[in-house]
Amino acid sequence: MTSSRFITALCAAAAAVAAIFAPPAVAEDTVKIAYIDPLSGGGANIGEVGLKTFQYLADSTNAHGGVLGRKLEIVPYDNKLNAQETLVQVQKAIDSGVRFITQGNGSAFAAAIEDFVNKYNERNPGKEVLYFNYAAVDPVLTNDKCSYWHFRWDANSDIKMIALTNYMKTRPSIKKVYLINQDYSFGQSVRAQARKMLGAKRPDIEIVGDEVHPLLKVTDFSPYVAKIKASGADSVITGNWGQDFALLLKAAADAGLQVDWYTYYAGGAGGPTAVKQANLPDRVFEIAEGVPNDPYEPAREFEKAFRAKVGISNFYPRAVNQMRMFVRAAEEAKSLEPVKVAAKLHGMNVTVLNGGDGFMRADDHQFFQPMYIAKLGPLGKDQPFEEENTGWGWKTQGRIDTKDTIVSTSCKMNQPS
Amino acid sequence: MLELVTISALNGVLYGMLLFLMASGLTLIFSMMGVLNFAHASFYMLGAFFGFQISQMLGFWPAFVVAPVLVGGIGALVERYGLRQVHRYGPVAELLFTFGLAFVIVEIVQMVWGKGPADYRVPASLDFSAFTVFATNYPAYKVFELLTAVAIFAVLLVVLTRTRIGLIVQASLTHADMVAMLGHNVPRVFMLMFGVGTGLAAVAGVIAGPALVTQSNMAAALGPILFVVVVVGGLGSLAGAFVASLLIGLVQTFVVSVNLSVADVLSRVGVAAPAGGILLDVWNVTVAQIAPIIPYLLLVAILIFRPTGLMGTHAR
């Protein structure tokens, strides 16, 4: 009697323990996408914007029934802007059953992930992992180092520089240009391409300075600004992002540096605020794949809904394209098996968020889409979207059609049989 | 060229004085307790965030006064109820305590204010350019930062060398037992000093917040350089901290504007650059590019050639 009671109690305890350790039923059904980006330190503010964007996109997909009846779940991992830590987090994500990884901040870390995923997929057939790159733009990722498992939705640095220099070509007031970039693969690629392309398109322009500084470590840019000022430059080209842009502009504001800025990421967190503080209306240009104030109704509606829910402007139209194409690929493949999703993404044609055609080039998995040059300044009529409560917003200066953004690639992709 | 030198000198002195505001507190606390306060830069960050929060509610000027007092108060409490309890387990325990405290403060700041930058602006009353040198505006706010730092240095010097309180503090640093015998409350002096030291760091935070960036990694960004200042100046030496702060401020500012590389120097004496590989990269690195590590090179050099620091009296 006592022993049977004891066994009953034991069974009950075991059941209780099992219930505690069993994964919740819901979690098993979700499709996990690991978001691996800086969520602490100098890149945290940028990493959080991306995270909020992806969470919004997952929520809105789930509100429409999810993917193949399953809900999307974004799982954040903090890579602390460190290549070693990035790989630790990738491994952690894979160990917890993640098959899709997205990352964007820092091409050096992107290269580490691409390499890791390549090797992992080679060694673990049937358990492949896909890497969706939404913002790391070093050209090498879709050229010499290209991988079938890597998909890039952002225009690479060369494409952006072609568009920027094409625009600069038409501005005769530009005589002296200063280059300032972050000291890592992406910044180095920007300075090299800027020199090459400006040299070809406007040989009369003088490059009066070519500076690189440590990535996300500088707190006071006034020595750099003093140097720009002393060089007599009238324009600056910079690929700086995050606080490296905001602080650079802040120092420029303090010193009263009046130049035009041709940038990749002036719209990032803190950027517009710094531009407003520097009082540089209509003198800061950005190359991007979408401008909120562009009169394309579906994009405007998205922007409005996004801002209402998240409270920030949508800095990543490419992330929207990425998630929509992922969902479509899974639905066309009728499967969430990464190999089948990849086969559908490979060469996929779509209409992008901001209107126009886009396609994921099969040769190198670089996405091509219309690009826009915009400047930041006081808004006119029918320009409803301001940035960071400055009263200023982005205004389209030029649009480059998809076909004019196409660059060649040296990629020789190993396709799985 | 002259313009660049002048502006760089001004920027360097300013940066140096900000460093000094923090290093002075750190070095005083060190000479008092024999413990490097790892959380010192965290109090600087707290100062910036308190300054931001209070200036949102009451305006900049009240924040300028209230925030350092509050942070100094927190510092005093940390000494009274934290460090003093840990003290009996020896200096390693104290070190670990401040080390842990730094993490706790960062986490708290991230919980309260988030990880992004706070929108801490220069007050409107100081948002104009004070003077123009060679067509470069020098913002009034920077002049204000400089004057504040100089004023605090002067007050500190006078209090420490010319007043009774200063006498007691100085005596407590070297002969704590004797001072206690004479009827002074030495633990309270320590608590006050810790409060004042952290308060000074907070002053630096309040005034540097709008000029630099107010976010949760600002302590980690400034912490290491602070130790360089204290070690180079000589642990426990106020004058040394002053000299080292200015030195590092100026060095950091000036090296950025030097474009010299190994290739430039060697090509002048007739050595050709290597054809490629890693060596070519080393060849073309300019002094400006290695600017951020120069203070640490200085640190290593000082530790090798003059371990007591520039003005330190004894090696620890």
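Protein sequences, first through last, are from chains G and W. With the working numbering, the residue at position 182 of the first sequence is 182, and numbering never jumps. With the working numbering, the residue at position 143 of the second sequence is 1143, and numbering never jumps. Just so you know, even glycine gets a beta-carbon here, dropped at the ideal spot from N, CA and C. In this text, all values refer to a predicted model and were calculated from it rather than measured experimentally.
Taking the alpha-carbon positions, what's the residue i to residue j distance?
i, j, result
"F1153 (chain W)", "L1014 (chain W)", "13 Å"
"D364 (chain G)", "T142 (chain G)", "5 Å"
"G1209 (chain W)", "F1052 (chain W)", "8 Å"
"N105 (chain G)", "I373 (chain G)", "21 Å"
"M1057 (chain W)", "P272 (chain G)", "24 Å"
"L1101 (chain W)", "I36 (chain G)", "28 Å"
"A1067 (chain W)", "D29 (chain G)", "50 Å"
"N414 (chain G)", "K119 (chain G)", "12 Å"
"A1171 (chain W)", "E1094 (chain W)", "22 Å"
"E85 (chain G)", "Q1252 (chain W)", "29 Å"
"L1260 (chain W)", "K80 (chain G)", "32 Å"
"D418 (chain G)", "V407 (chain G)", "Since the first and last residues shown for chain G are 1 and 417, residue 418 (chain G) lies out of range."
"V1155 (chain W)", "A1239 (chain W)", "14 Å"
"F1128 (chain W)", "F221 (chain G)", "19 Å"
"R328 (chain G)", "F132 (chain G)", "15 Å"
"A1201 (chain W)", "T1148 (chain W)", "13 Å"
With residue i and residue j assumed to form a contact (beta carbons below 8 Å), what rounded beta-carbon distance in angstroms separates them?
i, j, result
"V177 (chain G)", "I237 (chain G)", "6 Å"
"G1233 (chain W)", "T1027 (chain W)", "7 Å"
"G242 (chain G)", "I113 (chain G)", "The Cβ separation is near 19 Å, so there is no contact."
"F1043 (chain W)", "L1070 (chain W)", "Contact doesn't hold; Cβ gap of about 11 Å is too wide."
"I287 (chain G)", "L257 (chain G)", "Actually they do not touch by this definition, with Cβ atoms about 21 Å apart."
"V154 (chain G)", "S189 (chain G)", "The sequence given here places Asp at residue 154 (chain G); Val does not occur at that position. At roughly 13 Å, the Cβ-Cβ gap does not stay under 8 Å, so D154 (chain G) and S189 (chain G) are not in contact."
"N1217 (chain W)", "G41 (chain G)", "5 Å"
"H213 (chain G)", "Q182 (chain G)", "7 Å"
"Y265 (chain G)", "F245 (chain G)", "6 Å"
Check whether the Cβ of residue i lies closer than 9 Å to any Cβ atom in chain W.
i, result
"V177 (chain G)", "no"
"K403 (chain G)", "no"
"A269 (chain G)", "yes"
"H213 (chain G)", "yes"
"T238 (chain G)", "no"
"A27 (chain G)", "Since pLDDT at A27 (chain G) reaches only 48, below the 50 mark, its modelled position is unreliable, and no value is offered."
"P24 (chain G)", "Only weak support is given to the placement of P24 (chain G): the predicted model assigns it a pLDDT of 47, under 50, and the question is left unresolved by the model."
"D220 (chain G)", "yes"
"T53 (chain G)", "no"
"S40 (chain G)", "yes"
"E206 (chain G)", "no"
"M413 (chain G)", "no"
Taking the beta carbon of residue i as the centre, do at least 16 other beta carbons fall within 10 Å, making it buried, or is it exposed?
i, result
"H64 (chain G)", "exposed"
"M1022 (chain W)", "buried"
"S235 (chain G)", "buried"
"P23 (chain G)", "A caution first: P23 (chain G) carries a pLDDT of 47, below 50, which makes its placement in the model too unreliable to give a value."
"I1302 (chain W)", "buried"
"W261 (chain G)", "buried"
"R318 (chain G)", "buried"
"N389 (chain G)", "exposed"
"T170 (chain G)", "exposed"
"V26 (chain G)", "Low confidence applies to V26 (chain G): its pLDDT is 46, below 50, so where it sits in the model is not reliable enough to give any reading."
"A362 (chain G)", "exposed"
"S196 (chain G)", "A small fix is needed here, since residue 196 (chain G) is Lys in this sequence, not Ser. Answer is exposed; the Cβ neighbour count stays below 16."
"Y1296 (chain W)", "exposed"
"P1139 (chain W)", "buried"
"G1059 (chain W)", "exposed"
"N425 (chain G)", "Summary: the structure shown does not reach residue 425 (chain G), with chain G confined to residues 1 through 417, and so no result is reported for it."
"R152 (chain G)", "buried"
"H1040 (chain W)", "buried"
"Y1089 (chain W)", "exposed"
"S1008 (chain W)", "buried"
"V67 (chain G)", "buried"
Would you say residue i faces chain G, with C-beta separation under 9 Å as the test?
i, result
"F1254 (chain W)", "yes"
"L1147 (chain W)", "no"
"D1264 (chain W)", "no"
"G1220 (chain W)", "The question names Gly, but residue 1220 (chain W) in the sequence shown is Ala. So yes, A1220 (chain W) belongs to the interface."
"P1295 (chain W)", "no"
"I1248 (chain W)", "no"
"I1007 (chain W)", "yes"
Residue i touches chain B at which residues, Cβ-Cβ below 7 Å?
i, result
"L247 (chain G)", "Going by chain labels, chain B is absent from the structure shown, which instead holds the protein chains G and W."
Would you check whether the ligand SAM has a heavy atom nearer than 8 Å to the C-beta of residue i?
i, result
"T1132 (chain W)", "In the structure on display, the ligand SAM does not appear, and there are no ligands present to speak of."
Using only CA atoms, which one of the options lies nearest to residue i?
i, options, result
"V1264 (chain W)", "W:L1297, W:K1115 and W:V1287", "Note that residue 1264 (chain W) is Asp in the sequence shown, not Val. Cα-wise, what sits closest to D1264 (chain W) is W:V1287."
"S1024 (chain W)", "W:S1261, W:L1246 and W:G1114", "W:L1246"
"P1187 (chain W)", "W:V1203, W:V1271, W:A1201 and W:I1168", "W:I1168"
"S313 (chain G)", "G:T351, G:A299 and G:Y148", "G:A299"
"F186 (chain G)", "G:E73, G:T61, G:A108 and G:L336", "G:A108"
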